[in-house]
Amino acid sequence: MSAIPVIVILSCLFILGSSRPRVAVRVVAVQGFFLGLLPLLRAGKDLSAGILILGLSGMAVKGLLLPLLMSAVLHRTGIQRESDPPVGYGASLVIGVLLLGLAAWLAVSIGFPPQTSLPLTVTAFFLIMVGLFLLIGRHLAIMQSLAYLVLENGVYALGVSISLELPLAVELGIMLDVFVAVFLMGNLLFHLDREFQPAEAAQSPEQSGHEEEA
Amino acid sequence: MSLLLLIILIPAVAGLIAFFLPNDGLRRWLWICAAFAHLGLSLWASFFAPGLPGSAWIGMDALSAVFLSLTSFLFALVTIYGCGYVAREPADQGPLPESGMLLKNTSESVFTGSLLLFLATMSLAILSRNFGLQWMAIEATTLASAPLIYYHHNRSSLAAAWKYLILCSVGIAIALAGIFFISLSLPAGMQDIGLAALLNNAPALNHKWLELAFLLMLVGYGTKMGLAPLHNWLPDAHSEASSPVSALLSGALLNCAFLGILRIQQVCAAAGMASFGQGLLLFFGLITMGTACVFLLGQRDYKRLLAYSSVEHMGILALGVGLGGLGAFGALLHMINHSLSKTMLFLTAGNIHSRFHTKDSRQISGLGRLMPFTGTLWLAGFLAIAGSPPFGTFISEFTILRAAAFNRNWLALALYLLFLAAAFIGMATVFLRMYFGEPAAAPRRENRSAVIPILILCLAALTLGLWLPGPLGARLAEAATLIGGVAR
Numbered sequence: 001m002s003a004i005p006v007i008v009i010l011s012c013l014f015i016l017g018s019s020r021p022r023v024a025v026r027v028v029a030v031q032g033f034f035l036g037l038l039p040l041l042r043a044g045k046d047l048s049a050g051i052l053i054l055g056l057s058g059m060a061v062k063g064l065l066l067p068l069l070m071s072a073v074l075h076r077t078g079i080q081r082e083s084d085p086p087v088g089y090g091a092s093l094v095i096g097v098l099l100l101g102l103a104a105w106l107a108v109s110i111g112f113p114p115q116t117s118l119p120l121t122v123t124a125f126f127l128i129m130v131g132l133f134l135l136i137g138r139h140l141a142i143m144q145s146l147a148y149l150v151l152e153n154g155v156y157a158l159g160v161s162i163s164l165e166l167p168l169a170v171e172l173g174i175m176l177d178v179f180v181a182v183f184l185m186g187n188l189l190f191h192l193d194r195e196f197q198p199a200e201a202a203q204s205p206e207q208s209g210h211e212e213e214a
Numbered sequence: 001m002s003l004l005l006l007i008i009l010i011p012a013v014a015g016l017i018a019f020f021l022p023n024d025g026l027r028r029w030l031w032i033c034a035a036f037a038h039l040g041l042s043l044w045a046s047f048f049a050p051g052l053p054g055s056a057w058i059g060m061d062a063l064s065a066v067f068l069s070l071t072s073f074l075f076a077l078v079t080i081y082g083c084g085y086v087a088r089e090p091a092d093q094g095p096l097p098e099s100g101m102l103l104k105n106t107s108e109s110v111f112t113g114s115l116l117l118f119l120a121t122m123s124l125a126i127l128s129r130n131f132g133l134q135w136m137a138i139e140a141t142t143l144a145s146a147p148l149i150y151y152h153h154n155r156s157s158l159a160a161a162w163k164y165l166i167l168c169s170v171g172i173a174i175a176l177a178g179i180f181f182i183s184l185s186l187p188a189g190m191q192d193i194g195l196a197a198l199l200n201n202a203p204a205l206n207h208k209w210l211e212l213a214f215l216l217m218l219v220g221y222g223t224k225m226g227l228a229p230l231h232n233w234l235p236d237a238h239s240e241a242s243s244p245v246s247a248l249l250s251g252a253l254l255n256c257a258f259l260g261i262l263r264i265q266q267v268c269a270a271a272g273m274a275s276f277g278q279g280l281l282l283f284f285g286l287i288t289m290g291t292a293c294v295f296l297l298g299q300r301d302y303k304r305l306l307a308y309s310s311v312e313h314m315g316i317l318a319l320g321v322g323l324g325g326l327g328a329f330g331a332l333l334h335m336i337n338h339s340l341s342k343t344m345l346f347l348t349a350g351n352i353h354s355r356f357h358t359k360d361s362r363q364i365s366g367l368g369r370l371m372p373f374t375g376t377l378w379l380a381g382f383l384a385i386a387g388s389p390p391f392g393t394f395i396s397e398f399t400i401l402r403a404a405a406f407n408r409n410w411l412a413l414a415l416y417l418l419f420l421a422a423a424f425i426g427m428a429t430v431f432l433r434m435y436f437g438e439p440a441a442a443p444r445r446e447n448r449s450a451v452i453p454i455l456i457l458c459l460a461a462l463t464l465g466l467w468l469p470g471p472l473g474a475r476l477a478e479a480a481t482l483i484g485g486v487a488r
């Protein structure tokens with residue numbers, strides 16, 4: 001259990017330093033798998049059917065379905081790497097380390113109650129910050145959707161760390177929402193690739209021109 | 001089956017059927033039947049069935065009544081307009097006469113299905129009594145409406161749909177973190193984040209965690225509501241979507257996100273910390289109004305102008321609730337007035353766009369003579385949205401002004417007046433230029449289904465300026481007290 005925050009933090013640093021979306025998708029899959037495992041490990045002997053369903057569906061959606069969808073998008077669009085991101089990969093790694101420090105400081109200074117897992121809270125804050133950073137630090141639309149997944153993983157980790165037991169229907173509904181969101185993103189990515197080469201989403205309608213307005 | 005459940009299920013089931021119905025005519029009838037059945041049930045549940053039994057998941061209170069009846073009324077009128085719209089705009093339109101550009105729209109089945117699912121998710125967001133369920137529903141509104149923004153399959157609408165999906169999903173993920181903090185504020189041994197449980201235990205809630213929850217939910221739902229500086233998705237999405245969709249995004253969807261903020265403000269008010277939320281809402285309201293004014297001045301794209309006007313009015317709503325007291329009542333009344341006026345304007349903009357095939361206001365003139373009905377409604381819509389008497393917006397904006405004066409918050413009052421004046425100038429320049437002047441094209445007969453819903457909206461906006469119906473006034477007053485305000 002204590003190894004999971006370390007694995008997740010390292011996976012984030014890996015994503016920050018990687019220029020290849022294909023590798024980043026796999027790393028996010030590993031991250032999703034371990035985060036899905038968390039509720040099962042946290043429950044320990046108190047494992048109920050609800051937590052089991054939640055954990056297994058989390059692992060299936062975050063660790064398998066969503067990465068498969070992203071891989072299909074990558075295969076279709078043929079994107080290999082993002083060569084010129086707004087923030088370079090070296091600088092991104094340095095920022096990542098600083099964000100880790102900030103996440104640790106924030107988690108400690110907020111003063112969470114004792115039943116909250118501090119390493120997990122630090123990890124959750126770090127994931128949220130990395131997700132937000134990737135949103136502005138990468139141009140490729142596929143990387144922005146991965147950024148959303150990282151951020152969502154962070155919120156999920158926060159929920160596990162403070163042991164909030166939402167009703168199962170709501171938990172599964174939240175997971176369904178995330179799945180449909182990423183599915184829609186994947187769908188739009190196909191079209192983005194056809195319209196913008198490579199699939200860049202950072203252009204606003206103003207930049208992309210009004211000549212095609214309808 | 002519960003009446004409230006039917007309000008959610010009717011559009012949901014109709015939406016799913018619409019995806020697979022092959023016949024266009026049948027599908028449009030299904031759309032009309034679902035919209036008006038929803039309207040009938042919503043009005044009944046909101047005004048004529050006091051004490052309607054709910055559950056821990058969904059229920060009806062004064063806030064839900066105001067939001068639900070408004071959403072359903074707008075959707076019914078957009079349905080009348082929309083059925084004519086989709087008939088006039090088939091999926092494959094071929095090359096446009098003016099530009100020669102090939103135009104291909106989303107298929108009608110996807111359009112109608114998504115629109116009905118959009119209504120179902122908005123209804124669920126409004127009726128939900130659990131913060132987790134409400135979050136799920138608000139995120140689902142984003143998912144149901146994203147394909148609607150990509151209605152015209154071109155680069156601009158694609159980029160707008162992408163931006164909308166990413167920014168709103170990220171914003172709402174942050175709101176979910178806020179909901180987790182609500183659970184930390186609960187007294188020991190309690191896990192329920194249902195609205196009723198939170199209100200019943202409000203005095204025992206931990207203020208520190210509740211403040212953090214409010215902050216994150218304000219940022220999260222504020223992104224979706226269009227509060228600056230997180231409003232970036234709004235002008236693109238509103239200007240790129242088809243006009244019936246823009247009308248619903250502005251008139252109904254933004255309100256759902258606003259309700260998300262009001263629900264946590266309701267809990268804060270019950271916990272005796274209404275002033276914390278009010279301070280933040282006041283600040284973000286003024287920032288939002290100021291930001292919108294910067295973009296309203298000199299704006300040439302008339303649909304973007306309407307979108308930035310929505311940002312400005314979201315700022316007014318936040319400011320009203322932030323002022324507290326009478327301001328909360330004014331904000332809720334203003335929400336209704338804004339929705340009526342803005343839906344009216346977006347539908348009118350749809351008529352103008354269908355005639356001119358451009359969003360550049362400089363290429364349009366002489367609307368008054370060229371399209372007498374649409375032109376007159378365009379001008380009336382301008383007066384309504386600018387807060388001119390005798391329209392309802394004047395009353396609600398004046399109520400908020402009175403609240404600022406009553407609080408002796410002279411800085412807020414001065415900025416409020418300054419931003420209202422700047423917005424008026426920015427909008428008047430465009431609206432008057434389009435209405436007056438030499439007609440830029442030959443007159444053509446106007447479609448009745450494209451004018452009647454707009455006329456009804458105009459009359460409704462006008463009526464609210466002259467007379468506030470008793471049951472609506474009572475519901476508004478009750479809703480205002482729930483969020484830390486006072487009745488009239």
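Those protein sequence lines, which keep their order, are chains A and B.
Sequential numbering from 1 applies to the first sequence in my numbering.
Sequential numbering from 1 applies to the second sequence in my numbering.
Just so it is clear, CB atoms sit at the ideal spot from N, CA and C, and this is done for glycine as well.
Give the interface partners of residue i over in chain B, defined as CB-CB distance under 7 Å, in chain order.
{"i": "residue 152 (chain A)", "result": "173"}
{"i": "residue 191 (chain A)", "result": "158"}
{"i": "residue 148 (chain A)", "result": "166, 169, 170"}
{"i": "residue 159 (chain A)", "result": "180"}
What residues of chain A sit near residue i, judged by a beta carbon separation below 9 Å?
{"i": "residue 59 (chain B)", "result": "Within chain A, no residue comes near residue 59 (chain B); the closest Cβ sits about 16 Å away, beyond 9 Å."}
{"i": "residue 133 (chain B)", "result": "167, 169, 170, 173"}
{"i": "residue 177 (chain B)", "result": "124, 128, 154, 155, 158, 159"}
Please classify residue i as buried or exposed, where buried requires at least 16 other C-beta atoms within 10 Å of its C-beta.
{"i": "residue 438 (chain B)", "result": "exposed"}
{"i": "residue 7 (chain B)", "result": "buried"}
{"i": "residue 45 (chain A)", "result": "exposed"}
{"i": "residue 485 (chain B)", "result": "buried"}
{"i": "residue 163 (chain B)", "result": "buried"}
{"i": "residue 82 (chain B)", "result": "buried"}
{"i": "residue 124 (chain B)", "result": "buried"}
{"i": "residue 309 (chain B)", "result": "buried"}
{"i": "residue 97 (chain B)", "result": "Caution applies to residue 97 (chain B), whose pLDDT of 48 falls short of 50 and renders its modelled position unreliable; the model cannot decide the point."}
{"i": "residue 39 (chain A)", "result": "buried"}
{"i": "residue 5 (chain A)", "result": "buried"}
Give the range of the alpha helix (DSSP H) segment to which residue i is assigned.
{"i": "residue 250 (chain A)", "result": "Since the first and last residues shown for chain A are 1 and 214, residue 250 (chain A) lies out of range."}
{"i": "residue 144 (chain A)", "result": "141-161"}
{"i": "residue 49 (chain B)", "result": "Note, residue 49 (chain B): premise wrong, no alpha helix (DSSP H); not H, not E."}
{"i": "residue 435 (chain B)", "result": "410-435"}
{"i": "residue 236 (chain B)", "result": "233-240"}
{"i": "residue 129 (chain A)", "result": "118-137"}
{"i": "residue 195 (chain B)", "result": "195-200"}
Under 7 Å between beta-carbons, which chain A residues line up against residue i? List them in chain order, please.
{"i": "residue 136 (chain B)", "result": "170, 173, 174, 177"}
{"i": "residue 211 (chain B)", "result": "Chain A residues near residue 211 (chain B): none, gap ~11 Å exceeds 7 Å."}
{"i": "residue 161 (chain B)", "result": "188"}
{"i": "residue 140 (chain B)", "result": "177"}
Listing by chain order, which chain B residues have their CB less than 8 Å from the CB of residue i?
{"i": "residue 215 (chain A)", "result": "The question about residue 215 (chain A) has no answer, for chain A in this structure spans 1 to 214."}
{"i": "residue 184 (chain A)", "result": "143, 146, 147, 165"}
{"i": "residue 135 (chain A)", "result": "166, 170"}
By the criterion of Cβ-Cβ separation under 8 Å, what are the contact partners of residue i in chain A?
{"i": "residue 297 (chain B)", "result": "Chain A residues near residue 297 (chain B): none, gap ~16 Å exceeds 8 Å."}
Measuring CA to CA, which of the options is closest to residue i?
{"i": "residue 425 (chain B)", "options": "B:391, B:387, B:461, B:187", "result": "B:387"}
{"i": "residue 220 (chain B)", "options": "B:241, B:239, B:254", "result": "B:254"}
{"i": "residue 157 (chain A)", "options": "A:62, A:21, A:25, A:13", "result": "A:62"}
{"i": "residue 378 (chain B)", "options": "B:361, B:344, B:400", "result": "B:344"}
{"i": "residue 49 (chain B)", "options": "B:4, B:86, B:26", "result": "B:4"}
{"i": "residue 133 (chain B)", "options": "A:56, A:177, A:7", "result": "A:177"}
(request) Assess, as a yes-or-no matter, whether the region 296-308 of chain B is touched by the region 256-263 of chain B under the definition of 3 or more beta carbon pairs within less than 8 Å. (result) Result no; under three Cβ-Cβ pairs closer than 8 Å.
(message) Check whether the region 11-20 of chain A and the region 35-53 of chain A touch, using three or more Cβ-Cβ pairs below 8 Å as the test.
(response) Output reads no: the region 35-53 of chain A does not touch the region 11-20 of chain A.
(message) Could you check whether the region 18-35 of chain A touches the region 149-157 of chain A, counting it as contact only if at least three pairs of C-beta atoms, one from each stretch, sit closer than 8 Å?
(response) A contact exists between the region 18-35 of chain A and the region 149-157 of chain A.
(request) Determine contact between the region 225-232 of chain B and the region 200-212 of chain B, defined as no fewer than three beta-carbon pairs at a distance below 8 Å. (result) When Cβ pairs closer than 8 Å are counted between the two stretches, the region 225-232 of chain B is seen not to touch the region 200-212 of chain B, the count staying below three.
(request) Answer yes if the region 8-26 of chain B comes into contact with the region 171-187 of chain A, meaning at least three C-beta pairs across the two stretches below 8 Å, and no otherwise. (result) Segments in contact, no.
(request) Please determine if the region 398-418 of chain B and the region 340-355 of chain B are in contact, where contact requires at least 3 C-beta pairs separated by less than 8 Å. (result) Touching, no, given that fewer than three Cβ pairs across the two stretches are closer than 8 Å.
(message) Using 8 Å as the cut-off, can you tell me whether the region 433-453 of chain B makes contact with the region 360-374 of chain B, which would need three or more C-beta pairs spanning the two stretches below that distance?
(response) Counting Cβ pairs under 8 Å, three or more are found: they touch.
(request) Determine, using beta-carbon pairs with one atom in the region 69-88 of chain A and one in the region 132-142 of chain A, whether at least three such pairs fall under 8 Å. (result) Under the 8 Å Cβ criterion, the region 69-88 of chain A counts as touching the region 132-142 of chain A, having at least three qualifying pairs.
(request) Pair every Cβ in the region 61-72 of chain B with every Cβ in the region 467-478 of chain B, then say whether three or more of these pairs are closer than 8 Å. (result) Note that the region 61-72 of chain B touches the region 467-478 of chain B; at least 3 beta-carbon pairs, one per stretch, sit closer than 8 Å.
(message) Whether or not the region 81-92 of chain A and the region 120-128 of chain A are in contact is what I'm after, with contact meaning three or more pairs of Cβ atoms, one per stretch, closer than 8 Å; do they touch?
(response) The region 120-128 of chain A makes no contact with the region 81-92 of chain A; the number of CB pairs closer than 8 Å stays below 3.
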